[in-house]
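First up is the structure itself, then whatever we jot down about it.
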């Protein structure tokens with residue numbers, strides 16, 4: 169099992185150790201606009217993949233700046249696991265995911281079902297399911313399908329919708345929520 173994390177004695181690791189103590193003290197501003205609500209000066213993303221066995225717990229933004237190496241690790245983690253192709257994930261999608269997670273007030277990581285999809289993977293999935301869009305934002309690195317065991321699809325979708333920053337799809341039968349940084353819209357139940 170591969171584990172992706174910032175545990176070495178690097179600049180990022182030191183920032184992570186500092187941030188872990190600062191996160192507890194970060195205030196939540198319930199009246200702040202959109203997905204910046206509760207963002208604080210640190211942004212963190214926590215995920216695991218049941219397909220690859222990888223885990224990610226990454227502070228990727230500190231004091232208004234994205235941490236280049238951290239974002240690179242997020243891109244690798246969210247790769248098309250079927251083809252091992254990596255694409256840059258749109259930072260807005262990562263921000264939406266992190267903000268929704270923060271609003272849910274959980275320590276549990278997201279289970280990533282799908283991040284980037286190569287055109288070939290998307291076509292294969294589309295041939296098996298009518299729920300896969302021909303021009304899916306997954307192929308642009310602008311979408312993620314996520315699940316939390318401790319929260320319902322409705323709870324996760326409401327948190328993502330409150331960000332008012334992209335598309336949110338509810339897939340209750342399959343127990344996941346789609347989040348993207350495209351046009352603001354909702355679907356599913």
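Numbering (the numbering used here), first residue to last: 169 to 357.
By construction, the Cβ of each residue, glycine as well, lies at the ideal position given by its N, Cα and C atoms.
Alpha-carbon spacing of residue i relative to residue j, whole angstroms
{"i": "residue 298", "j": "residue 356", "result": "13 Å"}
{"i": "residue 260", "j": "residue 268", "result": "12 Å"}
{"i": "residue 346", "j": "residue 210", "result": "24 Å"}
{"i": "residue 323", "j": "residue 349", "result": "19 Å"}
{"i": "residue 321", "j": "residue 273", "result": "15 Å"}
{"i": "residue 218", "j": "residue 250", "result": "13 Å"}
{"i": "residue 266", "j": "residue 245", "result": "15 Å"}
{"i": "residue 241", "j": "residue 223", "result": "11 Å"}
{"i": "residue 237", "j": "residue 330", "result": "29 Å"}
Contact under 7 Å by Cβ, residue i with residue j
{"i": "residue 270", "j": "residue 256", "result": "no"}
{"i": "residue 248", "j": "residue 216", "result": "no"}
{"i": "residue 314", "j": "residue 278", "result": "yes"}
{"i": "residue 225", "j": "residue 214", "result": "yes"}
{"i": "residue 358", "j": "residue 310", "result": "No statement about residue 358 is possible, as the shown extent of the chain runs from 169 to 357 and does not include it."}
Neighbour-count burial assignment, residue i, 16 or more Cβ in a 10 Å radius
{"i": "residue 352", "result": "exposed"}
{"i": "residue 335", "result": "buried"}
{"i": "residue 295", "result": "exposed"}
{"i": "residue 317", "result": "exposed"}
{"i": "residue 354", "result": "exposed"}
{"i": "residue 290", "result": "buried"}
{"i": "residue 332", "result": "exposed"}
Same chain only: Cβ atoms within 8 Å of residue i, ignoring 5 sequence neighbours per side
{"i": "residue 293", "result": "285 and 300"}
{"i": "residue 253", "result": "247, 284 and 286"}
{"i": "residue 343", "result": "315 and 321"}
{"i": "residue 288", "result": "251"}
Close beta carbons around residue i, own chain, < 6 Å, minus the five adjacent residues each side
{"i": "residue 212", "result": "227"}
{"i": "residue 239", "result": "228"}
Presumed contact (8 Å Cβ cut-off) between residue i and residue j, rounded CB distance
{"i": "residue 312", "j": "residue 282", "result": "7 Å"}
Other residues of its chain near residue i: CB distance less than 7 Å, five sequence neighbours each side excluded
{"i": "residue 276", "result": "316, 317 and 318"}
{"i": "residue 328", "result": "264, 268, 336, 345 and 347"}
{"i": "residue 302", "result": "294"}
{"i": "residue 325", "result": "336, 338 and 345"}
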